[in-house]
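Residue numbers (UniProt numbering), protein chains in the order written: chain A, 1 to 203; chain B, 1 to 314; chain C, 1 to 428.
Structure, rendered in structure tokens:
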């Protein structure tokens, strides 16, 4: 669950200055398409072109939506369905004790587990890397993947762990007190990415 | 949530959040070889049982262990309790040792409330916060049983609101019945208590439920029927003439179970007295949710520990 | 030894001065000078009442000194405005013999703050089996005038009948703790909505009502005096009304807590609210107040029941029943009876002093405030307000259910046979 880290409008206590648009709805679609192509290119078997060994696992909530979008795009471009699942990393987070108990999100690992698969872990925004760290721990409980790669729509910097993304939709240099607001039609009614600044809040 | 002492500590949203967490935990562990989550690493959960119990104690213990909490069991026998130590001293001792959570079962109604009051008072001095979970206090409440029953109803019936649940038997002495009546009412179910008048408490008319003495008349309209255990000692208290008459009038025989709608489920908090309140074939039929209740018990208790212990101390 | 009380208002009426000499009121008038060296009490704005008499006190000595002693209990009584208390016999050993009642009486005299009248047990060891030596206790130096197995009911109708008959010749009263214990097995709280929700075994009002009805019938046949301890249920009032109409020699008491507190307090499971008979409903407290105003209930008696913390600060079921009452009784009576206009100060004098003294057969207490009468008096500030703190009460235990409550009326002085025993919250 990444809402709190991003400091979305719903949970930011302070004032949010009017957001500056980084990606329009059309940009989001284009960016996802490009990422899908990159994934196909790097993941497909060199000889057979098969994607049968790959699986997309999203980190709820918006990482899971992005994984589904990527899965659909990959199916469109390659003609191959790649399984899509989700893994909730909340139970593995290192900051649980810093706030009230968090609600848990859906974990839905494709049947058969993750042994020897190439897992593309998907999240909407990459910042400190702590959520990805927790997700990697959670993944390891579900088997031993051949490899894990990371795909994010936005990399905003400020890493606190040695983690980097394999696929990045957009690199956005940010200040710490800024927020990246990712919206997806499925839950927000509209696609888009914006940058906002909080003042006086804790978000 | 600071303690879980009574189901009335929970409003509908909080109860639903607990049930959702239980579902997610169940999912998170599904099909895994190693059923271990790191979430409560370094947390200490002490179960303190002053009454015999198998399923509840073990269920809490498994719940704690699956979340990596250090789980320690204290039973009334073989502890300082048998030397005459007061409940207050025992609970403050455990709290002072750094227990993050004490799960308590005690024959006195309100025991968990008292322990919470003592440890809260003590906290002002020591700064140690201990969450108290009521695992059954006298004839008062058994909140985690009601939560696991609610989880089972939700799983098997697709929801709780608007469903009609019959609770049959010794309501007077049943903490399970009390917790279920109030929790299920909070979650929007229609509860019917079915018992002879001697086994209904004076004042039951103020509870959020209906009361009936006629099991056969109620069964065809129930979505679930929950059979309460008939405790042996009640048979000598003039509450009903004989166990034979009780079984005839209030036991769930196969013929009676056939009066239930096809989708209805049969529940029992255990331990069951087969042949008394429930026929063996009914307990083992596909409509029986009894083992499902036990399975859900672990996940619900994990959810309770998660909500009490995973976040910052309140 | 002389004492002048200036400008006090007897029964809340016109202010007068009183002169007390050698324990007797010798003069009442305006501007009394008093002899040289007389002690002077300024009673301006204060109500003067006959000293209170408590028919129902547990002083715990002998045997329960960790909870109360005759010294600490006497101090609490004096501070509460009492000049006489009846000490219940459920001590260890039980006050069922001449030796024990004389010991209690003597200890009371040694302490000297309040007249301590031991109540003798009706049956040996309070066991309800064999009648205790009522005549010997009555004729002992302790002059026992009341007998009770309080804490337990004299349950066997034959024993109760014989005790009433036997007592009638001794001119003593049998005080019954009316509780049919077969109906209260394991009982923890008033049987009703609150207890059922809390899972506390119910104490049905019928357990009181049925014993009162039975004993009224037995007292009528025996022509004996029967006193009902701590009436708690509205239904019992109906029985008392009928019995009194029929001329049965029955009297009854209500405790301050049954005038004020209800079972709604039980939800915290704090055993400070555990008492026998249990706190009942608001309708019951309402009925108690009306019955006390009408005289169907004759007196207020405290059922002062100190318990050391280890007996109270436990889980509900393990806690002993009972609560402190001596120092809060007047305030609760003022709050529940005087403030709503159910009793005036004459009424307070009646229910807290005059009637109890009559029932307990104490010729020197509960007397009119008049020349020639013994100077057993209580001076009350009707406008005083105080906050109850258990740790500040004189009792050894601190199990008051009124902790933190702000209550009206303070006792400013208590006078026993002309001597000031308590003054402005201090024992003198």
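For glycine and all other residues, C-beta sits at the position ideal for the given N, C-alpha and C.
- Task: Using three-state DSSP, classify residue 170/A as helix, strand or coil.
- Result: For this step, residue 170/A is matched to residue 170 along the first chain. The answer is strand: DSSP assigns residue 170/A an E or B state.
- Query: Three-state secondary structure (DSSP) at residue 2/C?
  - Reply: For the purposes of this step, residue 2/C is taken as the residue at position 2 of the third chain. Three-state DSSP puts residue 2/C in a strand.
- Item | Positions along the region 39 to 72 of chain B whose CB lies within less than 9 Å of some CB in chain C | Listed by position, the residues of the region 39 to 72 of chain B near chain C (Cβ gap below 9 Å) amount to none.
- Query: Around the C-beta of residue 369/C, are 16 or more other C-beta atoms found within 10 angstroms, so that it is buried, or is it exposed?
  - Reply: By one-based count along the third chain, residue 369/C stands at place 369. Buried, since its Cβ has 16 or more Cβ neighbours within 10 Å.
- The beta strand (DSSP E) enclosing residue 47/B, as first and last residue numbers: Residue numbering aside, residue 47/B sits at position 47 when the second chain is read from its first letter. First-last of the beta strand (DSSP E) with residue 47/B: 44 to 49.
- Query: Checking contacts by CB at 9 Å: is residue 104/B closer than that to chain A?
  - Reply: Here residue 104/B is taken as the residue at index 104 of the second chain, counted from 1. Not closer than 9 Å to any Cβ of chain A, the Cβ of residue 104/B fails to qualify, so no.
- Does the Cβ-Cβ distance between residue 199/B and residue 173/B come in under 9 Å? Numbered from 1 along the second chain, position 199 holds the residue referred to as residue 199/B. Numbered from 1 along the second chain, position 173 holds the residue referred to as residue 173/B. Result yes, Cβ atoms of residue 199/B and residue 173/B sit closer than 9 Å.
- Task: Look at the alpha carbon of residue 79/C and the alpha carbon of residue 419/C, and state the distance between them as a whole number of angstroms.
- Result: Residue 79/C sits at position 79 when you count from the first residue of the third chain. Residue 419/C sits at position 419 when you count from the first residue of the third chain. In this structure, the CA atom of residue 79/C is about 14 Å from the CA atom of residue 419/C.
- Near-chain C residues of the region 157 to 179 of chain B (beta-carbon distance less than 7 Å), N- to C-terminal order: Answer in chain order: 175 and 178.
- So with Cβ pairs under 9 Å, would you call residue 144/A a contact of chain B? As a first step, residue 144/A is located in the first chain; it is residue number 144 there, counting from the start. Residue contact with chain B for residue 144/A: absent (no Cβ-Cβ distance below 9 Å to any residue of chain B).
- Message: Is it buried or exposed, residue 47/B, if we count other Cβ atoms within 10 angstroms and call 16 or more buried?
- Response: Along the second chain, one-based indexing puts residue 47/B at 47. Under this definition residue 47/B is a buried residue.
- Message: Strictly by DSSP, which residues pair up with residue 212/B?
- Response: Here residue 212/B corresponds to residue number 212 of the second chain, with the count starting at 1. Residue pairing by DSSP puts residue 212/B in a beta bridge opposite 194/B.
- For residue 202/A, is the classification buried or exposed, using 16 other Cβ atoms within 10 angstroms of its Cβ as the cut-off for buried? Residue 202/A sits at position 202 when you count from the first residue of the first chain. Note that residue 202/A has pLDDT 42, beneath the 50 cutoff, so the model's placement of it is unreliable and the number below is only indicative. Exposed, by the Cβ-count rule.
- Determine, using beta carbons only, whether residue 128/C and residue 159/C come nearer to each other than 9 Å. Residue numbering aside, residue 128/C sits at position 128 when the third chain is read from its first letter. Residue numbering aside, residue 159/C sits at position 159 when the third chain is read from its first letter. Contact check for residue 128/C against residue 159/C passes: the beta carbons are separated by less than 9 Å.
- Message: Please report the straight-line C-alpha distance between residue 17/B and residue 90/A, rounded to a whole angstrom.
- Response: Looking up residue 17/B in the second chain gives position 17. Looking up residue 90/A in the first chain gives position 90. If you draw a straight line from the Cα of residue 17/B to the Cα of residue 90/A, it is about 15 Å long.
- Item | Opposing strand residues paired with residue 59/A [DSSP bridges] | Mapped onto the first chain, residue 59/A falls at position 59. According to DSSP, residue 59/A shares a beta bridge with no other residue.
- Message: Any C-beta of chain A within less than 8 Å: which residues of the region 9 to 24 of chain B qualify?
- Response: Within the region 9 to 24 of chain B, the residues whose Cβ lies closer than 8 Å to some Cβ of chain A are 17, 20, 21 and 24, listed in chain order.
- Item | residue 145/B, buried or exposed, once every other Cβ within 10 Å from all chains shown has been counted against 16 | Here residue 145/B refers to the residue found at position 145 of the second chain. With 16 or more other CB atoms across the displayed protein chains lying within 10 angstroms of its CB, residue 145/B is buried.
- Message: Between which residues of its own chain and residue 413/C is the CB-CB distance below 7 Å, once the five residues before and five after are set aside?
- Response: By one-based count along the third chain, residue 413/C stands at place 413. When the five nearest sequence neighbours on each side are left out, the beta carbons in the same chain lying within less than 7 Å of the beta carbon of residue 413/C are those of 41, 379, 420, 422 and 423, in order along the chain.
- For residue 88/B, does the count of other Cβ atoms within 10 angstroms reach 16, so buried, or fall short, so exposed? By one-based count along the second chain, residue 88/B stands at place 88. Per the 10 Å Cβ criterion, buried.
- Query: CB-CB under 7 Å to residue 65/B, same chain, minus the five flanking residues each way: which ones, in chain order?
  - Reply: For the purposes of this step, residue 65/B is taken as residue 65 along the second chain, with counting starting at 1. Hits under 7 Å: 71.
- Chain-order list of residues whose beta-carbon lies under 8 Å from that of residue 192/C (same chain, five-residue window excluded): One-based indexing of the third chain puts residue 192/C at position 192. Within the same chain, residue 192/C has close Cβ partners 202, 263, 280 and 281.
- Task: Closer than 9 Å by beta-carbon distance: list the chain C residues that pair up with residue 203/B, in chain order.
- Result: Within the second chain, numbered from 1, the residue matching residue 203/B stands at position 203. Under the 9 Å cutoff, chain C gives 191, 192, 193, 194, 195, 196, 197 and 202.
- Message: Need the endpoints of the alpha helix (DSSP H) that residue 327/C sits in, please.
- Response: Translated into positions along the third chain, residue 327/C becomes position 327. No alpha helix (DSSP H) contains residue 327/C, which DSSP labels as neither H nor E.
- DSSP state of residue 239/B mapped onto helix, strand, coil: If you number the second chain from 1, residue 239/B lands on position 239. If DSSP states are grouped into helix, strand and coil, residue 239/B belongs with coil.
- Task: Counting only the same chain and skipping the five closest in sequence on each side, list residues whose C-beta sits under 6 Å from that of residue 117/C.
- Result: Residue mapping note: residue 117/C aligns to position 117 of the third chain, counting from 1. Same-chain partners within the cutoff: 86.
- Query: Whole-angstrom Cβ separation of residue 171/B and residue 193/B, contact assumed at under 8 Å?
  - Reply: Taking the first residue of the second chain as 1, we reach residue 171/B at position 171. Taking the first residue of the second chain as 1, we reach residue 193/B at position 193. That pair is a contact at about 5 Å.
- the region 272 to 280 of chain B / the region 24 to 38 of chain B touching (three or more Cβ pairs under 8 Å): A contact between stretches requires three or more CB pairs, one per stretch, nearer than 8 Å, and the region 272 to 280 of chain B fails this requirement with the region 24 to 38 of chain B.
- C-alpha gap between residue 123/B and residue 49/B, whole angstroms: Indexing the second chain from 1 puts residue 123/B at position 123. Indexing the second chain from 1 puts residue 49/B at position 49. Distance between the alpha carbons of residue 123/B and residue 49/B is about 23 Å.
- State the Cα-Cα distance for the pair residue 6/A and residue 273/C, rounded to the nearest angstrom. In the first chain, residue 6/A corresponds to position 6, counting from 1. In the third chain, residue 273/C corresponds to position 273, counting from 1. Summary for residue 6/A: the model assigns pLDDT 48, below 50, so the residue's position carries little reliability, and this model does not support an answer.
- Item | Interface positions of the region 220 to 235 of chain C facing chain B (Cβ-Cβ less than 8 Å), listed along the chain | For the region 220 to 235 of chain C, no residue has a beta-carbon sitting nearer than 8 Å to a beta-carbon of chain B.
- In angstroms with no decimal places, state the Cα-to-Cα distance between residue 359/C and residue 173/C. Translated into positions along the third chain, residue 359/C becomes position 359. Translated into positions along the third chain, residue 173/C becomes position 173. Note on geometry: alpha-carbon atoms of residue 359/C and residue 173/C lie some 8 Å from one another.
- Query: How should residue 299/C be labelled, buried or exposed, when 16 other C-beta atoms within 10 angstroms of its C-beta is the threshold for buried?
  - Reply: As a first step, residue 299/C must be located in the third chain, where it is residue number 299. Buried is the call here.
- Buried or exposed: residue 327/C, going by 16 or more other Cβ atoms within 10 Å of its Cβ? Walking along the third chain from the start, residue 327/C turns up at place 327. Taking every protein chain shown into account, the CB of residue 327/C has 16 or more other CB atoms within 10 angstroms, so this residue is buried.
- Item | Beta-ladder partner(s) of residue 14/C, from DSSP | Translated into positions along the third chain, residue 14/C becomes position 14. Per DSSP, none; premise fails for residue 14/C.
- Item | Three-way DSSP call (helix, strand, coil) for residue 345/C in this model | Taking the third chain and counting its residues from 1, the one referred to as residue 345/C is at position 345. Three-state DSSP puts residue 345/C in a helix.
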